[in-house]
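Residues in the sequence shown are numbered consecutively from 232, following the numbering used here.
Structure record follows, encoded as structure tokens.
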Amino acid sequence: MLYPLIENMTNEEPVTKLAKRKLTIRDKKRHTSTNYEDEADRLIFPGVHNEQPGFYSSFREMHIMGYFERGEKDKEEKMSEILTRKRANLRKRHENKSEQENNGEEDEETQELLMNLEKDDILTNVEEAEVNYVEKRLCTIRVYENGWISMTPAFNQKYRFTIGDYDVYEFSLENCSAQLTAQEEQKEWDLFETVDKKRLEIRNYIVGKNFQEIPEMLGFRLMIFGEIVSARKFDENSIYIQYSLELPKYWKKNDTHSPKQMLFGNTQSTDFIYDPPTDDYEARFAFPFEFDLLNAHYDPFIKWPVLYFHVCTKDKWCRNVTLGYGYYNIPWLPGHYDETINTWRAYPSISERMGQYFVGRTLTLEDISYINFPKGFNVNNK
232 MLYPLIENMT NEEPVTKLAK RKLTIRDKKR HTSTNYEDEA DRLIFPGVHN
282 EQPGFYSSFR EMHIMGYFER GEKDKEEKMS EILTRKRANL RKRHENKSEQ
332 ENNGEEDEET QELLMNLEKD DILTNVEEAE VNYVEKRLCT IRVYENGWIS
382 MTPAFNQKYR FTIGDYDVYE FSLENCSAQL TAQEEQKEWD LFETVDKKRL
432 EIRNYIVGKN FQEIPEMLGF RLMIFGEIVS ARKFDENSIY IQYSLELPKY
482 WKKNDTHSPK QMLFGNTQST DFIYDPPTDD YEARFAFPFE FDLLNAHYDP
532 FIKWPVLYFH VCTKDKWCRN VTLGYGYYNI PWLPGHYDET INTWRAYPSI
582 SERMGQYFVG RTLTLEDISY INFPKGFNVN NK
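Following this line, the structure appears as structure tokens:
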């Protein structure tokens with residue numbers, strides 16, 4: 232149904248100038264056809280139809296076409312143009328073939344075809360229609376997703392176009408739809424609202440509502456997905472790794488979505504095996520871990536979490552022995568990282584090694600953060 236407000240939705244102006252110009256008309260399938268016609272024959276001008284805000288959504292459109300019979304003189308000119316074009320195309324198509332077969336002499340088939348071109352009955356149905364009629368687009372109706380309807384050209388005046396040099400046509404568009412009453416219009420808007428609500432319910436049912444909330448203002452959420460892949464160059468045969476994540480000030484676990492997560496753990500115990508590509512022995516863990524963290528404090532110089540590693544083994548008496556310590560600073564840029572962590576341990580004296588051998592005593596750090604910056608240590612005053 233068309234409403235009176237459609238009259239103000241387009242700024243189409245009647246054709247007044249006559250000039251030769253290349254015409255390109257694009258339909259909704261984005262197919263392009265090119266013709267050379269008078270500007271007076273055109274109804275759609277580039278840039279004339281100004282789309283209002285909200286018209287940038289997708290739309291469906293319909294074209295109303297008109298077919299007009301040419302005058303006798305126009306028919307003769309069009310007929311001559313088509314025959315000349317066909318004759319030229321046919322001659323050009325047979326020239327190469329004739330030159331190769333009989334050194335440029337035209338064969339009998341080509342001569343016969345050229346003679347037949349002089350007859351009127353050689354035109355196809357499409358060519359006959361092109362000679363006798365002209366196809367013109369009189370009106371375009373667009374229906375947008377938001378419910379708006381646009382008409383090109385508008386209802387406000389008459390429009391004139393010329394076919395050939397002699398026939399001039401004038402037409403106008405009129406809105407013949409009955410004017411809606413306030414009650415009918417409100418009923419129609421209520422129907423639209425009901426349809427929109429139903430469509431929204433279906434979309435919510437398909438998408439679901441189990442979405443996680445965004446962090447607080449000026450805060451952010453950090454997701455860490457890592458894997459302890461392997462270890463090399465340790466003296467013992469069977470090792471395992473303990474890991475822990477240190478959270479600086481203003482950091483905390485995201486207990487809302489990950490209530491059971493822990494910031495520490497240890498891998499399984501793994502023996503060393505020979506790795507032919509690297510010609511070295513390797514203990515393979517393939518142990519995954521993940522952390523879900525929140526930070527609700529904006530600070531451009533904020534400290535980032537640090538991941539600590541403690542490499543251990545068990546002797547024949549099932550006593551834990553430290554083989555090395557290492558740490559990794561979590562990068563502040565998102566992405567994928569493949570890192571190698573170097574470890575170290577304090578070298579024991581002779582008496583300490585004897586104690587380790589006989590009673591299982593080993594040197595361990597009181598606080599594993601000593602290998603990086605201990606808690607309470609001011610880096611700026613180092």
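Ideal placement from N, C-alpha and C gives every residue a C-beta, glycine not left out.
Since this is a predicted model, take the numbers as computed values, not measurements.
Backbone CA spacing between residue i and residue j [nearest angstrom]
{"i": "residue 500", "j": "residue 518", "result": "11 Å"}
{"i": "residue 462", "j": "residue 514", "result": "5 Å"}
{"i": "residue 361", "j": "residue 400", "result": "19 Å"}
{"i": "residue 498", "j": "residue 428", "result": "52 Å"}
{"i": "residue 566", "j": "residue 581", "result": "46 Å"}
{"i": "residue 263", "j": "residue 435", "result": "Annotation note: pLDDT 34 at residue 263 (below 50); position unreliable, coordinate value reported separately. Their Cα atoms are separated by approximately 40 Å."}
{"i": "residue 374", "j": "residue 402", "result": "23 Å"}
{"i": "residue 503", "j": "residue 527", "result": "44 Å"}
{"i": "residue 471", "j": "residue 456", "result": "20 Å"}
{"i": "residue 573", "j": "residue 460", "result": "14 Å"}
{"i": "residue 413", "j": "residue 421", "result": "12 Å"}
{"i": "residue 464", "j": "residue 488", "result": "39 Å"}
{"i": "residue 307", "j": "residue 315", "result": "12 Å"}
{"i": "residue 467", "j": "residue 544", "result": "7 Å"}
{"i": "residue 458", "j": "residue 562", "result": "15 Å"}
{"i": "residue 541", "j": "residue 552", "result": "10 Å"}
{"i": "residue 578", "j": "residue 597", "result": "16 Å"}
{"i": "residue 560", "j": "residue 538", "result": "6 Å"}
{"i": "residue 252", "j": "residue 319", "result": "Note that residue 252 scores a pLDDT of 31, beneath 50, so its modelled location is shaky; the value from the coordinates is reported in the next line. Going from the Cα of residue 252 to the Cα of residue 319 covers about 25 Å."}
{"i": "residue 479", "j": "residue 516", "result": "28 Å"}
{"i": "residue 602", "j": "residue 440", "result": "45 Å"}
{"i": "residue 474", "j": "residue 437", "result": "41 Å"}
{"i": "residue 390", "j": "residue 384", "result": "9 Å"}
{"i": "residue 431", "j": "residue 300", "result": "51 Å"}
{"i": "residue 588", "j": "residue 594", "result": "12 Å"}
{"i": "residue 443", "j": "residue 524", "result": "14 Å"}
Residue range of the alpha helix (DSSP H) that includes residue i
{"i": "residue 436", "result": "413-438"}
{"i": "residue 584", "result": "581-590"}
Reduced DSSP category for residue i - H, G, I as helix; E, B as strand; rest coil
{"i": "residue 477", "result": "strand"}
{"i": "residue 469", "result": "strand"}
{"i": "residue 554", "result": "strand"}
{"i": "residue 320", "result": "helix"}
{"i": "residue 408", "result": "coil"}
{"i": "residue 568", "result": "coil"}
{"i": "residue 511", "result": "strand"}
{"i": "residue 315", "result": "helix"}
{"i": "residue 578", "result": "coil"}
{"i": "residue 600", "result": "helix"}
{"i": "residue 491", "result": "coil"}
{"i": "residue 303", "result": "helix"}
{"i": "residue 444", "result": "coil"}
Residue i - partner residues in DSSP beta bridges
{"i": "residue 290", "result": "375"}
{"i": "residue 367", "result": "297"}
{"i": "residue 310", "result": "Answer by DSSP bridge pairing: none, since residue 310 is not bridged."}
{"i": "residue 501", "result": "470"}
{"i": "residue 560", "result": "537"}
Boundaries (first-last residue) of the beta strand (DSSP E) holding residue i
{"i": "residue 456", "result": "451-463"}
{"i": "residue 398", "result": "398-402"}
{"i": "residue 505", "result": "504-506"}
{"i": "residue 393", "result": "390-394"}
{"i": "residue 496", "result": "495-497"}
{"i": "residue 381", "result": "380-383"}
{"i": "residue 547", "result": "No beta strand (DSSP E) holds residue 547; DSSP gives it neither H nor E."}
{"i": "residue 482", "result": "482-484"}
CB contact below 8 Å: residue i versus chain D
{"i": "residue 402", "result": "The displayed structure is made up of one protein chain only, and chain D is not part of it."}
Runs of 4 residues minimum, wholly inside the segment 513-538: which ones carry the alpha helix (DSSP H) assignment? No alpha helix (DSSP H) of 4 residues or more sits fully in the segment 513-538.
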